[in-house]
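Residue numbers (my numbering), protein chains in the order written: chain A, 557 to 1003; chain B, 287 to 597. Structure first, commentary second.
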Amino acid sequence: MKHLRLILIMFAVILLSLGIYSTGHAFHSGGVAECEGCHTMHNSFEGAPMFTGYPQFQAGPYLLRGTDQSDACLNCHEGDTLRSYRVSTPESAMPEGTPPVQRTPGGDFGWLKKTYSWVPRSGADTEYSHGERHGHNIVATDHGYVADSTLSVAPGGSYPANKLACSSCHDPHGKYRRNADGSITTSGLPIRASGSYNNSPDPDANFSVGVYRLLAGADYEPKSTPGYAFTNDPPAAVAPSSYNRSEDTTQTRVAYGMGMSEWCANCHTQLLQNNYTSGMAGLTHPAGNNAKLGLEIANNYNAYVKTGDMTGTAESSYNSLVPFEEGVTDHSVASYTTLKAHALSNDGYLQGPDATNSNVMCLSCHRAHASGWDSMVRYNLGYEFMVGADSDNNPGYYGTDAPYPLNNAAGAQGRTQAEHAASYYDRPATKFAAYQRALCNKCHAKD
Amino acid sequence: MKNHGINKRGLYLILFTTFIPSLCAAADVSYLYSLSNFSGTLPFDYVKVSIDEIKNEVYVIEGENIRVFNPSGMEIYNINAYDLGLGTVYDLAVNKDGNLIILSYKSNRYSISVANYRGEPLSTLEIRGLPKDFEDFSPNGMILKDDLLYLYSSGSMRVVVIGLNGDVKDSYDLSKIAEINSDDIGMGQMSIDRDGNILFTAPVIAKAFILSPEKKLRLFGRRGSAPGRFGIPYGIVRDREGNLYVSDKLRSCVLIFDKELKFIKEFGYRGFRPENLIVPEGLSIDERGRLYVTQRRKRGVSVFKIANASN
């Protein structure tokens, strides 16, 4: 009898535990996720291997549950609807003429699958904007992403293109943590939560938080690609809690603090340019913590509204198509408090740069994942005008499907109006001037 | 024993049937074929499947293309919706008259069109009586069941049920009902079973849900890699016997649960044999017990016969 009661109690407890629903939580929470989320242990089920091509009890590479590292990520991070954690649109959800759906600040990898061609004028050769030129060509075999066929190594570095994966930049195990003393370490206090957002907790005496976007830091050298250890830690940056969103009404402002270009230089070493001297040959465009904007550039940025309109003010000049680093000097809680206050998606803080502290970075011009344009830049550099004018001289996006004169082939570049608008995160064309020139002019004001 | 109303043998039977479920119910699954044309298997990648239950024809929605297959899985017709002015097709259903109801987007606006079997638009269905908090509703999926059209947005996890005249009959905010954040968590596939229950998955928290017409919610699933556990559940459908099928993208298999939500078995697994699956996603099942599984890596749509699911 006693045994029976015990069995009954155990049974009830087990059943209850099976039925208990734990509330939703982020999978990574700023650090290493659930192991079985990405790995399989033994490659064995019902006496047979789970992975064809590998013998029983010999699992695939790294015990992963995908053909490769990026596939394991995209199982969750790809989808045909906009969702905070998604960074890729499947190919069939963006047929010809339809843009990718994700709007994260890093950009939708789906642009890598959008190749455009056009004949700019009668009798001219066909021009192309190949998909692989639109972003970082991660290898994700199951999801249709292949290595860059042109660039075999990272521009300005030597990281091999055929090894490029999500885990090349993001540490899938999330070991890098930000501590209360402003240090970034791979061990120490437990990681309490993500530290990427304006509503993330601060690190304290008991807990650390994850670094920005689980990015890898100094000495990161995954076993899959030995010999390319990182030298720089992740940047100081904060994203608003709502960030994968259309910018049709308000902008998504990621508050970049410092270190973005230095971090990119882990692979693109030669493209870090802190000490630029105007007129000197042999340099590249400045990008780095010490590439301060200076008075002239900062004034241009703050005054620039659109082509021909320099009536703006510093308080409202921010444009997420031309972000900049604010120039914080450390990873302290105080610095992040400042960044958190600025990382908004409701246009609550549109202050432009200041001459002394703010600096240009790689992401001032490029998106981290992919964009609608060659060289993964944030706006079209392949034509004189980003935006055209309709027959009433109002600004309008070019497009193969647009009415005359916006169907100008050289301006449309094989893209529909929807694709042009999506590349600018759905801003109405009226945010720009008719015949708007490239946004290089936000800083350089040559238009 | 009498005081407890249960005998020892019965108790052991309960324990046995609970923890060794694969021995309690058998679902005989066999791979039949993949949807093909005369050149071979069509390398679909991330598509939707809709079934005409009257003619047993199968529709594959692939961007702007609607591809029609006969009951043996051979392609018999191809409609380009863009050429017909409909834009990009998001979903499709076939009504009792054999006409197509097409959910499509063009210039960022959705429309619901009724078209003939060639896809030629006959009329447009206007939604009337949307609740105020659904004014920005933007569906990306559609299910026709018993003359009711269930429009859903997997992004916002909202569902609007309309009659075939366009009048709104009901609406659901699944994120509120399931108490999950649509932006952080979201929803995988949604389907409707024979009893009008709404079935859906929440992939990132490894859960599946059953919402009754009375809006009572049941949920099931535990994260893990053992048989019966969820990695990233996505597709979900129910057969005529009440068995549930859940695709798991991460574990690359389809799990079968009985109507009491007891795990029966799973099949597929990553690999390149015909019966293997790579990142299975959407599921559809017809009255003949044929389960259609969409998957990635251009593996196309695999069709399995479920022996106990129909005749």
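Backbone N, C-alpha and C define an ideal beta-carbon position, used for all residues, glycine too.
Under the three-state DSSP convention, the category residue i falls into
i, result
"G580 of chain A", "Residue placement at G580 of chain A cannot be trusted, given a pLDDT of 33 that sits under 50; the coordinates are not used to answer."
"A968 of chain A", "helix"
"A859 of chain A", "helix"
"R769 of chain A", "helix"
"G326 of chain B", "strand"
"N364 of chain B", "strand"
"T697 of chain A", "helix"
"E343 of chain B", "strand"
"D704 of chain A", "coil"
"G593 of chain A", "helix"
"M932 of chain A", "helix"
"P951 of chain A", "strand"
"Y799 of chain A", "coil"
"Q581 of chain B", "coil"
"F590 of chain B", "strand"
"V333 of chain B", "coil"
"A313 of chain B", "coil"
"S872 of chain A", "helix"
Residue i burial status per 10 Å Cβ neighbour count (16 or more: buried)
i, result
"K502 of chain B", "exposed"
"C725 of chain A", "buried"
"L286 of chain B", "Because chain B is modelled from 287 through 597, residue 286 of chain B falls outside the range shown and cannot be assessed."
"R480 of chain B", "exposed"
"F613 of chain A", "exposed"
"D636 of chain A", "buried"
"H581 of chain A", "The predicted model places H581 of chain A with a pLDDT of 40, which falls under 50 and marks its position as unreliable, so this point remains unresolved."
"P842 of chain A", "buried"
"M814 of chain A", "buried"
"A512 of chain B", "exposed"
"V540 of chain B", "buried"
"D948 of chain A", "exposed"
"G586 of chain B", "buried"
"D534 of chain B", "buried"
"M816 of chain A", "buried"
"I228 of chain B", "Outside the shown range of chain B (287 to 597) lies residue 228 of chain B, about which nothing can therefore be said."
"K669 of chain A", "buried"
Sheet register partners of residue i (DSSP bridge)
i, result
"G348 of chain B", "According to the sequence displayed, residue 348 of chain B carries Glu and not Gly. According to DSSP, which records beta bridges pairwise, E348 of chain B is partnered with B:N351."
"R414 of chain B", "B:D453"
"T825 of chain A", "Partner(s): none; T825 of chain A has no beta bridge."
"K848 of chain A", "A:N915"
"E881 of chain A", "A:Y812 and A:N915"
"L378 of chain B", "B:I388"
"A854 of chain A", "In the DSSP output, where bridge partners are listed per residue, A854 of chain A has none listed."
"T741 of chain A", "A:R733"
"Q1010 of chain A", "The structure shown does not extend to residue 1010 of chain A, since chain A spans only 557 to 1003, so no value can be given for it."
"V400 of chain B", "B:I387 and B:S409"
"S644 of chain A", "A:E634"
Chain-order list of residues whose beta-carbon lies under 8 Å from that of residue i (same chain, five-residue window excluded)
i, result
"A367 of chain B", "E350, N351, I352, G373, T374, V375, I388, S390 and G405"
"Y935 of chain A", "L877, W929, M942, S979, Y980, A994 and L995"
"K862 of chain A", "K987, F988, A989 and Q992"
"S931 of chain A", "R689, H922 and L937"
"Y577 of chain A", "Since pLDDT at Y577 of chain A reaches only 32, below the 50 mark, its modelled position is unreliable, and the value read off the structure follows with that caveat. Hits under 8 Å: none found."
"M428 of chain B", "Y376, D377, L378, A379, I387, L389, I398, L435, Y436, L437 and Y438"
"I471 of chain B", "S461, A488, V490 and I491"
Same chain, Cβ closer than 6 Å to residue i, neighbours up to 5 away in sequence not counted
i, result
"R556 of chain B", "S538 and I564"
"L900 of chain A", "P796 and R809"
"S512 of chain A", "This structure gives no information on residue 512 of chain A, because the portion of chain A shown stretches from 557 to 1003."
"Y684 of chain A", "S673"
"L745 of chain A", "F763 and S764"
Own chain, CB closer than 7 Å to residue i, minus 5 neighbours either side, in chain order
i, result
"R414 of chain B", "G452, D453 and V454"
"L430 of chain B", "A379, N381 and I387"
"D760 of chain A", "A736"
"S308 of chain B", "Residue placement at S308 of chain B cannot be trusted, given a pLDDT of 39 that sits under 50; what the coordinates show is reported in the next sentence. Contacts found: I550 and K551."
"R621 of chain A", "C594, H595, T596 and A628"
"N964 of chain A", "G944 and Y954"
"H729 of chain A", "V588"
Proximal residues of chain E, C-beta to C-beta of residue i below 9 Å
i, result
"H699 of chain A", "Note that chain E does not occur in the displayed structure, where the protein chains are A and B."
Proximity test, residue i beta-carbon vs the ligand NAP heavy atom, cut-off 7 Å
i, result
"A977 of chain A", "Absence of the ligand NAP from the depicted structure is noted, as is the absence of any ligand whatsoever, leaving it without description."
For this session: Kindly provide the ranges of any beta strand (DSSP E) runs that are 3 or more residues long and lie completely inside the segment 532-559 of chain B, ordered along the chain.
Result: 539-543 and 549-554, all fully within the segment 532-559 of chain B.
Exercise. Can you list the beta strand (DSSP E) stretches of 3 or more residues lying completely in the segment 661-695 of chain A, in chain order?
Worked result: Runs of the beta strand (DSSP E) spanning 3 or more residues and lying entirely within the segment 661-695 of chain A occur at 672-674 and 683-685, in chain order.
Exercise. Whole beta strand (DSSP E) runs in the segment 449-529 of chain B with 3 or more residues, listed along the chain?
Worked result: The segment 449-529 of chain B contains, as complete beta strand (DSSP E) runs of 3+ residues, the segments 454-459, 476-478, 484-488, 493-497, 503-506 and 519-524 (chain order).
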